[in-house]
Structure formats: structure tokens, C-alpha cells
Amino acid sequence: MKDLKILFTEEQIQDKIKELAELINNEYKSEELITICVLKGAVMFAVDLVKCLTMPVKMEFIRLSSYGSGTVSSGKVHAVDISLPDLNNKNVLIIEDIVDTGHTAKFLMDFINNNFKTKSTKFCSLLDKKISRVTEIEPDYYGFEIDDKFVVGYGLDYDGYYRNLKYIAYS
Ligand code: 5GP
């Protein structure tokens, strides 16, 4: 990707994470929360977000993929590693980098709700490309709404690269 332009700076991202964490802290108070980070894209966001949470937290990780290489969602969600502990009667918060078509979010919510009777299952995404949505899913929490741009940085990749950027950019 050439001539990357910054969409959200490191400071904007970190400020937004503090706002989201406040909402989540107010919602769950001191109840235990199981966060499920969707690898690899959500790793930076999940790590920074959980550091701002004040309730007892357990972190779980699952690995999914829907994009092969390139910039267009395939629509097919592929579970690479989805081993999870018993989530019955737990508050579960799925942490994603971006909701685009919504296929991944729907797959995950259905997977959790079909396999466990959780106390609650909610979805938190840093970015929301509402304009690209083809499923009915809406994140319970999201950081920024964005246009139909392919973005990289802060966990989001293009062909495996750019995840390490502290900001989010497009070209
Ligand atoms: P969905 O299933 O909602 O179409 O897509 C969700 C997944 O597609 C995200 O977890 C992310 O991995 C990938 N994705 C969607 N939009 C973008 C984007 O603009 N940039 C990058 N790097 N990945 C994206």
C-alpha cells in the first residue's frame, strides 16, 4: 500500500478506548467478564482495552479468518482455532477490530449462543463499517464508524503487514 494517510492517530484511538472502557465498566460493575479477542486483528485493541477494565477479567483468544489476502471480504468465515472454556453462566464480551459485512460477528455470536447458555453475550468492535453491512448484526459497543475504506494499522493488516502501526490508516 502506498501513501498511507492517517485516519485515527494513536491519541484518538487511546482516548476512544478509555471512553469504551468506561461504558463497559459501568455496565458490568464488579461482575466477572470473559473477553474473547478475535485474532489476529483485534489483538492490539483487546490488550489496550482490558488494561482499562476494572472488573475481574479473564482473556480468551480465538482465531478466525474471512479475508484471504487482499481487501475484499469473502463472506465465508473460517474458524482456525476456536477452542474456548465453559462459558455457561458467564458474561462474555467478544472483542473485534472491525465489523464490515457482519458475517464474522454473526458467526461468532451464533457460535457462542448455540454452544453455551451465557449470562450475557456482547460484541465490542473498535471500528464499524456500517455502510458495508449485509447481516443484521450491530455491535453493542464500537469506537469509530468509518466509510467503506480498507484500513490498516493497530492490528489490522494488508497481506500480514502493518499490524504494528500505532495508528489506523488507509491509502
Ligand atoms: P466481516 O466478516 O464483518 O465482513 O469482516 C470482518 C473481518 O474482516 C475483520 O475482522 C477484519 O479482519 C476484516 N476486515 C474488514 N474490513 C477490513 C479493513 O478495512 N481492513 C482490514 N485490514 N481488515 C478488514
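Converting from the sequence shown to the working numbering requires adding 29 to each position, the first position being numbered 1. The beta-carbon is built from N, C-alpha and C at its ideal position, and this holds for glycine as well. All of these numbers come straight from a predicted model, not from anything done at the bench.
9 Å Cβ cutoff met for residue i and residue j
{"i": "F152", "j": "P168", "result": "yes"}
{"i": "L33", "j": "I53", "result": "no"}
{"i": "I46", "j": "L155", "result": "yes"}
{"i": "C81", "j": "E51", "result": "yes"}
{"i": "K135", "j": "L36", "result": "no"}
Reduced DSSP category for residue i - H, G, I as helix; E, B as strand; rest coil
{"i": "F145", "result": "coil"}
{"i": "V181", "result": "strand"}
{"i": "Y57", "result": "helix"}
{"i": "E167", "result": "coil"}
{"i": "L68", "result": "strand"}
{"i": "I63", "result": "strand"}
{"i": "T38", "result": "coil"}
Backbone CA spacing between residue i and residue j [nearest angstrom]
{"i": "H107", "j": "S94", "result": "5 Å"}
Check: residue i C-beta below 8 Å from any heavy atom of ligand 1
{"i": "D186", "result": "yes"}
{"i": "G131", "result": "yes"}
{"i": "D126", "result": "yes"}
{"i": "V109", "result": "no"}
{"i": "V79", "result": "no"}
N-terminal and C-terminal residue of the beta strand (DSSP E) that residue i is part of
{"i": "V109", "result": "H107 to D110"}
{"i": "V163", "result": "V163 -> no beta strand (DSSP E), and no H or E assigned at all."}
{"i": "D126", "result": "N120 to V128"}
{"i": "S200", "result": "No beta strand (DSSP E) holds S200; DSSP gives it neither H nor E."}
{"i": "K87", "result": "V86 to S94"}
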